[in-house]
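1 is the number of the first residue of the sequence shown in the numbering used here; add one for each residue after it. For every residue, glycine included, the Cβ atom is placed at its ideal position computed from N, Cα and C. See structure below.
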Amino acid sequence: MKTLIRFFLAAAVWGAGVPVWAAGPRPVVQVAFVLDTTGSMSGLIEAAKAKIWSIANEIAKGKPSPEIRMALVGYRDRGDAYVTRTTNFSDNLDDTYSDLIGFKADGGGDSPEHVWKAVQDAVDALTWSQDPRAFKVIYLVGDAPAHREYGDTPPIEKILEKAVRDGIVINTIQCGADAATSEEWRDIARRAEGTYLAIAQDGGVAVAATPYDEEIATLSGRLGETVLGYGAGAEKVNASRALASGVVALSAFSAAADRATFKMREGYADGDLLKSIKAGDVSLEAISEKDLPRELTNLTPAERKAKVAALEAERKTVEKSLAGLTAQRARFLADNAKGPKTGFDQELLKALKTQAAKKGIAY
């Protein structure tokens, strides 16, 4: 457990800022998952928790490399613990992941759910990009049709018309084989210029462990020990660490390794001292005592310089090892892929890659 905790503390500080290699604006990809969280959807929800980082990794492979933002709308029905529960878009996927792992399948039981309210919240309550070049997509995932008699939302046709006007594609993913849901999901996708997809009730995903996962976690922990938050950025770095520690116990090493791969692409967070020194944005000697990382405050100037140099060397060594291991892991997964390519993650990505091409993002 200590190894996994160290991994998440390391990964928390990757990717929260603009990557150092970014040159010019990156295309924006916004993905909102609208998930039925009633009792029958437990398998799919667990699949989403296991696969969200691998999904993000696949989206990140687009050219040009996109800036990925994810949001969540969990929905149930009247009389349940909530009708909808929303997590707005964030470019720090830890925010989304933290809320996703809090979703538990419960409630429902009478077949129809408040689908229209969930779709309305996704279209109207989330902060969608106003950039016409952004690729904006909703995935409506569920196994039951909508209550049509409630009258507390506009008709679904009006909601979908607004989505189209706003440039938001809605894809529907049906879990199971309910005939009424199939008809409704197909109609929603057609009206919202999306794609209808059907998968197994449990999501049909294959979660594969590899021989490299635990070592990746160990090295990530070592990398985390090279991160020094300083100045105004220290608060953000520390908040990211706290957020990460809250999700440790509910995450498997396979998901942790997927997360490491994603965070390595994104770079280190703003507020990391070594990143700023490397970029030439600051010198150690110029930092005031009050803005120093807490790890350096009780050291002499010479000791501070020596510690930073040692951490820089450690970071370089660990980064090289991690790059090799994540590449080996990717090859292992490719060589040992099993089962049908019709799971939640594969079907989702097929549709996304085809649709993103219309916005100039190639896969």
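Does the beta-carbon of residue i have 16 or more other beta-carbons within 10 angstroms, so that it is buried, or is it exposed?
i       : result
Ala-309 : exposed
Glu-149 : exposed
Ala-146 : buried
Gln-130 : exposed
Thr-275 : Contrary to the premise, residue 275 reads as Lys rather than Thr in this sequence. Lys-275 is buried by the Cβ-count criterion.
Ala-249 : Caution applies to Ala-249, whose pLDDT of 47 falls short of 50 and renders its modelled position unreliable; the value that the coordinates give is listed next. Exposed, by the Cβ-count rule.
Asp-213 : buried
Lys-316 : exposed
Val-13  : Residue placement at Val-13 cannot be trusted, given a pLDDT of 47 that sits under 50; the coordinates are not used to answer.
Gly-194 : buried
Asn-336 : exposed
Asp-77  : buried
Pro-66  : buried
Ala-16  : Below a pLDDT of 50, predicted positions are generally treated as unreliable, and Ala-16, at 44, falls in that range; the measurement from the model is reported next regardless. Result: buried.
Arg-133 : exposed
Lys-63  : exposed
Asp-166 : exposed
Arg-331 : exposed
Phe-8   : With a pLDDT of 44 at Phe-8, under the threshold of 50, the modelled position of this residue cannot be trusted; read the value that follows with caution. By the 10 Å Cβ count, Phe-8 comes out buried.
Lys-158 : exposed
Lys-263 : buried
Ser-220 : buried
Hey, could you find the ends of the beta strand (DSSP E) residue i is sitting in?
i       : result
Lys-136 : 135 to 142
Ala-32  : 28 to 36
Glu-67  : 67 to 75
Ala-198 : 196 to 199
In terms of alpha-carbon separation, which member of the options lies closest to residue i?
i       : options                            : result
Pro-301 : Glu-289, Ser-54, Ser-276           : Glu-289
Lys-353 : Ile-55, Asp-36, Gly-39, Ile-45     : Ile-55
Trp-185 : Ala-144, Asn-88, Asp-77            : Ala-144
Glu-225 : Trp-53, Pro-64, Ala-163, Leu-311   : Leu-311
Asp-272 : Arg-265, Leu-292, Ala-286          : Leu-292
Val-28  : Val-164, Gly-107, Asp-281, Ile-59  : Ile-59
Val-123 : Val-141, Ala-208, Ile-168          : Ile-168
Ile-188 : Ile-199, Ile-173, Ala-177          : Ile-173
Lys-136 : Phe-89, Ile-277, Lys-350, Ile-52   : Phe-89
Ala-47  : Lys-61, Val-119, Lys-104, Pro-211  : Lys-104
Ala-71  : Gly-79, Asp-99, Ser-111            : Asp-99
Val-141 : Thr-38, Arg-265, Glu-285           : Thr-38
Leu-35  : Ala-209, Ile-138, Lys-359, Glu-285 : Ile-138
Phe-253 : Ala-286, Ala-50, Cys-175           : Ala-50
Consider the C-beta atom of residue i and the heavy atoms of the ligand HEM; say whether any pair is separated by less than 8 Å.
i       : result
Thr-127 : The model on display carries no ligand, and the ligand HEM is accordingly not part of it.
Would you list the one or two residues that DSSP bridges to residue i?
i       : result
Glu-113 : Ala-146
Asn-171 : Tyr-139
Gly-90  : It is Ser, not Gly, that sits at residue 90 in the sequence shown. Answer is Met-70.
Gly-267 : Note: Gly-267 sits in no beta bridge, so no partner.
Thr-84  : Tyr-75
Lys-63  : Ala-362
Gly-229 : Asp-272
Taking residue i as part of the alpha helix (DSSP H), name the residues at either end of that continuous run.
i       : result
Asn-57  : 42 to 60
Ser-383 : Here the chain has residues from 1 to 363 only, and residue 383 is not among them.
Gly-224 : 213 to 224
Ile-101 : Per DSSP, Ile-101 belongs to no alpha helix (DSSP H) and is neither H nor E.
Gln-355 : 344 to 356
Glu-312 : 301 to 335
Asp-291 : Element bounds for Asp-291: n/a, residue is neither H nor E.
Leu-160 : 156 to 165
Ala-180 : 179 to 191
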